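Right, one structure below, let's go through it.
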Amino acid sequence: MKNYIAILGLSVILVGCGSAKPKVDDLAVNNPIETALDLTAVVDDKVPVTIDPGRFTTETVTYRLPRVVQGTYSVSDFGKYVDDLKALDYDGNELEVSKVDTNTWTISDATKLDKLTYYVNDTFDIESSGGIGGENPFSPAGTNIEDDNYVLNLHGFIGYFDSLKNNQYALDVTAPATFVRTSALENTGMKSSPDGKSITSSYFAQRYFDITDNPMMYGKLDVEEFMVGDIKIVLSVYSPNNVHTAASQKETVYKMMQAQKEYLGDVNSTARYDIYLYLSDGSETAPKGMGALEHHTSTVVVLPESSSKEGLAASIIDVVAHEFFHIVTPLSVHSEDVHYFDYNQPTFSKHLWMYEGVTEYFAQHFQVYEGLIEPSAFYNTIMSKIATSKNLDDAMSFTIMSENVLEEPYASNYYNVYMKGALIGMCIDILMRKESDGNRSMLSLMKELSAKYGKEKPFEDDKIIDEITAMTYPSVGEFLKTHVEGDVPINYNAFFEMVGLTMGETEVPTNYIFAGGQNIIFDANPDKGTIFFSPMALKNSFWASQGVQAGDVIKKVNGTDLTLQNAQQVVGGMFAWQVGQEYSLNIERNGEAMELKGTLTEATATSESLVEDPNATEAQKALRAAWLKG
């Protein structure tokens, strides 16, 4: 999962996985559990759900909605969104139901149980109000129920019986005939209602995991289907105000996926990949958590509808690329905690450095490796990750943090899996290249692990580092034991020296409120209640090109009055500004009112960053070339 939370310049990311081996199904039956969602019968913004498990042979059974879902390292408590759960016998009479906790119900006289019925509220609507009873599910893991759009992360609607988690599921989804519907779950047929106003789509899942692993999107969708090599890509876009279309982003997705396939080579684990893109318009009931959640053959993505075409394309490359690379890890290479996931009381693997860190490294490295970006842009990304990681606990064991990620102080350092975790992947990549004269890499190691394990064979958490050491070199094992299991900060300069990089002044991309790093370009006068450009603004190439002067008082931003009271909201909104958008500022200079307006162009600033050492040896240059270009 990749999750962005904009808080004055900090892009935050979150993810996960889990554990606990399943018990033998002592109540298992051969017939699939029949489930049904009726989108034509929504009551008070709640979808009716019916669960028919077949006959039980014991007097009491337990039914649960997930407390935690795979791909997230946080508590979601989907049981909070269930209302009016009833257990009915074969005569339609209600059986006794006891609610054990937020996500759990026990049913007495279960031998008489015919079906469960209940209503499910969506999670998007209540994000702005703080949710029900505390923490909300991460938006791409959440659900939406609107007249023209349904985000059906099925773990938010369908639960499981403790004893039947490995049973097959048959799912019917009834929706208006006018709806577009997309899902990678196996479709077993469609049937129209007698009046032709609705269509019931039938799906099949081998087990409960496949229910949670195959989201759907229904409603007013724009869909593009195309082939990238032998993978069918299905891009489904919901843009509530029709700002963006699937066609407008098709080329971006095609080029990105094509480059990713080239990068991965013979790692090809899916014949179809779905991208469900929900564009949030920022309204009260719209989702607030920007980012994505991975699945084996799909990803659910939430991004701002206000993005420019170019800005949305950049976000898609960053976010979706990360999710697609999850087909390598943890979807192919993973521990027992991930493979035998317990949705109620999960245990967590020690190896987030691999699941999220290496995935994030691949999502950045493939762009320079396949020529989508210049090496300088890649170097700037590395430096940004180093700077951010230094603001977190740089002397914390990654394996201990991963295993205890729901607890403090580890939870507060989870973001580092995308920063230092990616840098760990980079260091191992450089070490592998050096030890093998450029022939082996982090990617080749993951391919070897994928061949040894794969989707259906998990590794043992406590043994994988020794296995990696045996498969690679003593230097890799020493690095992992010192900087991943251990708590020793990494000396990145030692790795940069291996590939002939050093520190130097260079132009780096920035945004519209900073001049590189954390050098904000605004200042304030509390006595006068004004906000004005500081001298630092002249170091931002965009504002310098607009002719701003230090001391210019900013009165309005895009027509909105700017005050000390709303500065965090208005100035914070400038983080979402993207190249190609129109802007306007009303300013006051020496008592004279002026207006600045135009089109946003790229903003850069001079900053210290990685540069290629002019004194690098031929061996260093060769290793750098192997690292960046293979």
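Numbering-wise (our numbering), the sequence shown opens with residue 117 and increments by one. Where is the CB? At the ideal position from N, CA and C, for every residue including glycine. Source: prediction; values computed, not measured.
Of the residues the options, the one placed nearest residue i, counting alpha carbons only
| i | options | result |
| --- | --- | --- |
| Arg323 | Leu351, Ala286, Pro331, Gly645 | Ala286 |
| Asp434 | Asp326, Ile540, Ile489, Thr717 | Ile489 |
| Pro730 | Gly620, Trp693, Ser308, Glu243 | Gly620 |
| Ile347 | Val474, Ser355, Ser314, Val383 | Val383 |
| Leu395 | Thr173, Gly208, Asn265 | Asn265 |
| Asp326 | Asp338, Ile149, Ser255, Val436 | Ile149 |
| Thr622 | Lys655, Phe638, Asn260 | Lys655 |
| Thr294 | Pro651, Ile315, Glu302 | Ile315 |
| Met512 | Val474, Gln483, Lys466 | Lys466 |
| Ser318 | Gly345, Ala527, Gly645, Leu153 | Leu153 |
| Thr156 | Val369, Val436, Asp288 | Asp288 |
| Glu400 | Val417, Glu243, Val474 | Glu243 |
| Glu711 | Gly663, Glu718, Thr722 | Gly663 |
| Leu522 | Thr173, Val158, Val184 | Val184 |
| His271 | Pro253, Leu280, Asn283 | Pro253 |
| Tyr699 | Thr475, Glu708, Gly707, Lys713 | Lys713 |
| Ala741 | Ser190, Glu486, Thr720 | Glu486 |
| Pro403 | Tyr389, Glu421, Asp390, Ile391 | Glu421 |
| Gly667 | Gln697, Lys579, Ala640 | Ala640 |
| Tyr389 | Ile544, Ala738, Ala437 | Ala437 |
| Ser352 | Glu302, Ile432, Thr304, Ala291 | Ile432 |
Cβ distance (whole Å) where residue i is taken to contact residue j below 8 Å
| i | j | result |
| --- | --- | --- |
| Thr415 | Glu439 | 4 Å |
| Thr220 | Thr188 | No, Thr220 and Thr188 are not in contact; Cβ-Cβ is about 19 Å, not under 8 Å. |
| Met558 | Gly541 | 5 Å |
| Thr588 | Met548 | 6 Å |
| Leu716 | Trp693 | 6 Å |
| Met614 | Gln736 | 7 Å |
| Ala257 | Leu409 | 5 Å |
| Thr298 | Met333 | 5 Å |
| His411 | Asn330 | 7 Å |
| Asp205 | Asp230 | 6 Å |
| Lys377 | Tyr354 | That belief does not hold up - the Cβ atoms of Lys377 and Tyr354 are roughly 26 Å apart, past 8 Å. |
| Glu426 | Val695 | 5 Å |
| Ala321 | Gly554 | That belief does not hold up - the Cβ atoms of Ala321 and Gly554 are roughly 44 Å apart, past 8 Å. |
| Thr626 | Ala721 | 5 Å |
| Phe611 | Cys543 | 5 Å |
| Leu565 | Asn532 | Rounded, the Cβ-Cβ distance is 23 Å, inconsistent with contact. |
| Ser451 | Asp577 | 4 Å |
Endpoints, alpha helix (DSSP H) assigned at residue i
| i | result |
| --- | --- |
| Ser500 | 491 to 506 |
| Glu594 | 590 to 596 |
| Glu613 | 608 to 614 |
| Thr174 | Here Thr174 belongs to no alpha helix (DSSP H), and DSSP marks it neither H nor E. |
| Arg297 | No alpha helix (DSSP H) contains Arg297, which is instead part of the beta strand (DSSP E) from 296 to 299. |
| Tyr526 | Careful: Tyr526 lies outside any alpha helix (DSSP H) and carries neither H nor E. |
| Asp326 | 324 to 328 |
| Gly688 | 683 to 689 |
| Gln365 | 362 to 380 |
| Phe194 | Phe194 -> no alpha helix (DSSP H), and no H or E assigned at all. |
Residue i - containing beta strand (DSSP E), residue span
| i | result |
| --- | --- |
| Phe649 | 646 to 649 |
| Met306 | 302 to 308 |
| Phe638 | 638 to 641 |
| Thr618 | 617 to 626 |
| Ala408 | 406 to 410 |
| Ala157 | From DSSP, Ala157 is part of no beta strand (DSSP E); its letter is neither H nor E. |
| Val727 | 719 to 728 |
| Lys671 | 669 to 673 |
| Asp756 | An answer regarding residue 756 cannot be provided, because it is not within the stretch 117 to 746 covered by the chain. |
Cross-strand partners of residue i (DSSP beta bridge)
| i | result |
| --- | --- |
| Asn265 | Gly335 |
| Arg705 | Glu708 |
| Trp221 | Tyr179, Lys215 |
| Leu395 | Leu419 |
| Ser318 | Asp288, Gly305 |
| Ile149 | Tyr285 |
| Thr166 | Ala152, Thr233 |
| Met343 | Lys348 |
| Gly698 | Note on identity: in this sequence residue 698 is Glu, with Gly being the wrong assignment. Looking at the DSSP assignment, Glu698 forms a beta bridge with Thr715. |
| Glu439 | Partner(s): none; Glu439 has no beta bridge. |
| Glu210 | Leu204 |
Cβ-heavy atom distance, residue i to the ligand ADP, below 7 Å
| i | result |
| --- | --- |
| Thr646 | This structure lacks the ligand ADP; in fact it carries no ligand of any kind. |
Any 3 or more C-beta pairs closer than 8 Å across the region 699 to 711 and the region 666 to 686: yes
Meets three-Cβ-pair contact criterion under 8 Å: the region 624 to 635 and the region 589 to 609: no
Three-pair Cβ contact test at 8 Å for the region 224 to 237 versus the region 158 to 176: yes
Three-pair Cβ contact test at 8 Å for the region 721 to 729 versus the region 452 to 459: no
Three or more C-beta pairs below 8 Å linking the region 554 to 574 and the region 678 to 688: no
Touch test, the region 356 to 372 against the region 333 to 347, Cβ-Cβ under 8 Å, three pairs minimum: yes
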